[in-house]
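Visitor: Take any residue in the sequence shown, note its place counting from 1, add 87, and you have its number in the working numbering.
All C-beta atoms in this analysis are idealised placements derived from N, C-alpha and C, irrespective of residue type, glycine included.
To start, I am sharing the structure in question, which I have written as C-alpha cells.
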Amino acid sequence: MSGREPDFCSSAPEARAALAERQLAALAERESVVRAFVCHDTEAARRGLARHAPGPLSQALIGVK
Numbered sequence: 088m089s090g091r092e093p094d095f096c097s098s099a100p101e102a103r104a105a106l107a108e109r110q111l112a113a114l115a116e117r118e119s120v121v122r123a124f125v126c127h128d129t130e131a132a133r134r135g136l137a138r139h140a141p142g143p144l145s146q147a148l149i150g151v152k
C-alpha cells in the first residue's frame, strides 16, 4: 500500500497489536516535547492489548484532547 499502514479494522489482531506498540513507542519518544496528554497509562494500554477482545476496533489506542 505505498508505504502507508493497512486499514486498521481489516488487519489481523497481531498487526493491530504491533501498530499499537509502535504508537506507544512514538508517544514515549515525543510526549515530553509535544505535551499533548494530561495523563497516559502505557501499562493499562498494554494490558488491554493483551486481552484481544473481538471486534474491528479491538486493540485501538485513542487519545482525547
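For L114, I'd like the list of residues in its chain whose CB is within less than 7 angstroms of its CB, leaving aside the five on either flank, ordered along the chain.
Guide: Closer than 7 angstroms at Cβ, skipping near neighbours: H127.
Visitor: Using DSSP with H/G/I as helix, E/B as strand and the rest coil, what is E108?
Guide: Residue state, collapsed to three classes: helix.
Visitor: Does the distance from the C-beta atom of L144 to that of E108 stay below 9 angstroms?
Guide: Not in contact: L144 and E108 (Cβ atoms no closer than 9 angstroms).
Visitor: With a CB to CB cut of under 8 angstroms and the five nearest residues on each side skipped, what residues in its chain are close to E118?
Guide: Cβ within range, chain order: F124 and H127.
Visitor: So A140 and L111 are supposed to be a Cβ contact under 8 angstroms. How far apart are they, rounded?
Guide: Their Cβ separation, rounded to whole angstroms, is 18 angstroms, which puts A140 and L111 out of contact at 8 angstroms.
Visitor: Going by beta carbon distance, what residues of the same chain come within less than 6 angstroms of M88, once the five residues before and after it are set aside?
Guide: Note that M88 has pLDDT 45, beneath the 50 cutoff, so the model's placement of it is unreliable and no number is given.
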